[in-house]
Amino acid sequence: AQKITQTQPGMFVQEKEAVTLDCTYDTSDQSYGLFWYKQPSSGEMIFLIYQGSYDEQNATEGRYSLNFQKARKSANLVISASQLGDSAMYFCAMCILTGGGNKLTFGTGTQLKVEL
Amino acid sequence: NAGVTQTPKFQVLKTGQSMTLQCAQDMNHEYMSWYRQDPGMGLRLIHYSVGAGITDQGEVPNGYNVSRSTTEDFPLRLLSAAPSQTSVYFCASGWAMDTIYFGEGSWLTVV
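Residue numbers (my numbering), protein chains in the order written: chain A, 24 to 139; chain B, -10 to 100.
Written as structure tokens, this is what we have:
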């Protein structure tokens, strides 16, 4: 079974500062993918970044980067130069590809608040 | 949320009623799935599919039924709604492991 742990229920960051959201995972599968999604108060799930288990380089997408440490089973999201619009819930998720399709397991999320 | 359309966006049901949440995607994705999100929790997988005619159960399948007759559509049926099914429902579609897109969500209240 797969498990995602996000230990920070809430985080505060000053505008223009960088922030790291923690995510650890557990799986016995060798092939998996790690995602981060943003969920603003309007409720939609917005894809931010993806890291494959065999990718040697850390993924980056604009101001988002994923700090992937395979041996530690961690996949932390780093947001650089925080903006007020970054205030939202952030979910870490792991995907396993099975014969029946792709299955995502989510963490419980981190509520990020960006302050002036 | 490129190309994944969910309807309705909001619905109120009485206990015991049935209904279908619709999900359609226009990206020719093989994989489609349904999740539910309850307060204070992440999304949990209800049912998923790898293509037309092929479905499987996820973590919380009880009380829900799915079928996939076309690549584009993956409806979720509530057979006899219960208050415990009050939740936000998300449909997702994708190719392999690295492309998974979500619809905008359907807010369901069962009274």
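Even glycine gets a Cβ: it sits at the ideal position worked out from N, Cα and C.
No experiment lies behind these values; they were computed from the predicted model shown.
Contact set between residue i and chain A, taken where Cβ atoms lie within less than 9 Å
{"i": "Val77 (chain B)", "result": "Gly66"}
Heavy atom of the ligand ADP within 7 Å of residue i beta-carbon
{"i": "Ser7 (chain B)", "result": "Looking for the ligand ADP in the displayed structure turns up nothing, as the structure carries no ligands at all."}
Min CB distance residue i to chain A below 8 Å
{"i": "Leu32 (chain B)", "result": "yes"}
{"i": "Glu61 (chain B)", "result": "no"}
{"i": "Thr98 (chain B)", "result": "no"}
{"i": "Gly47 (chain B)", "result": "yes"}
Proximal residues of chain B, C-beta to C-beta of residue i below 8 Å
{"i": "Asn125 (chain A)", "result": "Tyr20, Ser22, Tyr37, Gly83, Ala85, Met86, Ile89"}
C-beta neighbour in chain B for residue i, strict 8 Å
{"i": "Phe70 (chain A)", "result": "yes"}
{"i": "Gly56 (chain A)", "result": "yes"}
{"i": "Phe91 (chain A)", "result": "no"}
{"i": "Phe35 (chain A)", "result": "no"}
{"i": "Glu40 (chain A)", "result": "no"}
{"i": "Tyr113 (chain A)", "result": "no"}
For residue i, the nearest candidate out of the options (CA to CA)
{"i": "Tyr55 (chain A)", "options": "A:Asn81, A:Leu44, A:Ala94, A:Tyr77", "result": "A:Tyr77"}
{"i": "Asp62 (chain B)", "options": "B:Ser82, B:Gly52, B:Gly47, B:Ser76", "result": "B:Ser82"}
{"i": "Met112 (chain A)", "options": "A:Ile119, A:Thr128, A:Leu135, A:Tyr48", "result": "A:Leu135"}
{"i": "Gln46 (chain B)", "options": "B:Leu65, B:Leu97, B:Gln11", "result": "B:Leu65"}
{"i": "Ala70 (chain B)", "options": "B:Tyr20, B:Ala13, B:Val99", "result": "B:Val99"}
{"i": "Ala41 (chain B)", "options": "B:Gly29, B:Ser58, B:Leu34, B:Ile35", "result": "B:Ser58"}
{"i": "His36 (chain B)", "options": "B:Met21, B:Thr(-4), B:Met86", "result": "B:Met21"}
{"i": "Thr4 (chain B)", "options": "B:Glu19, B:Glu93, B:Thr88, B:Gln74", "result": "B:Gln74"}
{"i": "Gln31 (chain A)", "options": "A:Glu84, A:Ile119, A:Glu138, A:Gly132", "result": "A:Gly132"}
{"i": "Phe114 (chain A)", "options": "A:Asn125, A:Leu120, A:Glu67", "result": "A:Glu67"}
Within chain B, partners of residue i - CB distance below 7 Å
{"i": "Cys118 (chain A)", "result": "Met86, Ile89"}
Chain B contact residues for residue i, given Cβ-Cβ distances below 9 Å
{"i": "Tyr73 (chain A)", "result": "Met86, Asp87, Thr88, Ile89"}
Check whether residue i and residue j have beta carbons under 8 Å apart
{"i": "Tyr90 (chain B)", "j": "Leu67 (chain B)", "result": "no"}
{"i": "Tyr78 (chain B)", "j": "Leu2 (chain B)", "result": "no"}
{"i": "Trp23 (chain B)", "j": "Val55 (chain B)", "result": "yes"}
{"i": "Ile69 (chain A)", "j": "Ala82 (chain A)", "result": "no"}
Proximal chain A residues relative to residue i, where beta-carbon distance stays under 8 Å
{"i": "Gly29 (chain B)", "result": "Thr131"}
Interface partners of residue i on chain A, CB under 7 Å
{"i": "Gly94 (chain B)", "result": "Gly66, Glu67"}
| task | Answer yes if the stretch 35 to 45 of chain A comes into contact with the stretch 97 to 106 of chain A, meaning at least three C-beta pairs across the two stretches below 8 Å, and no otherwise. | result | yes
| said: Assess contact between the stretch 49 to 63 of chain A and the stretch 71 to 91 of chain A, defined as three or more Cβ pairs (one per stretch) separated by less than 8 Å. Is contact present? | reply: The stretch 49 to 63 of chain A is in contact with the stretch 71 to 91 of chain A.
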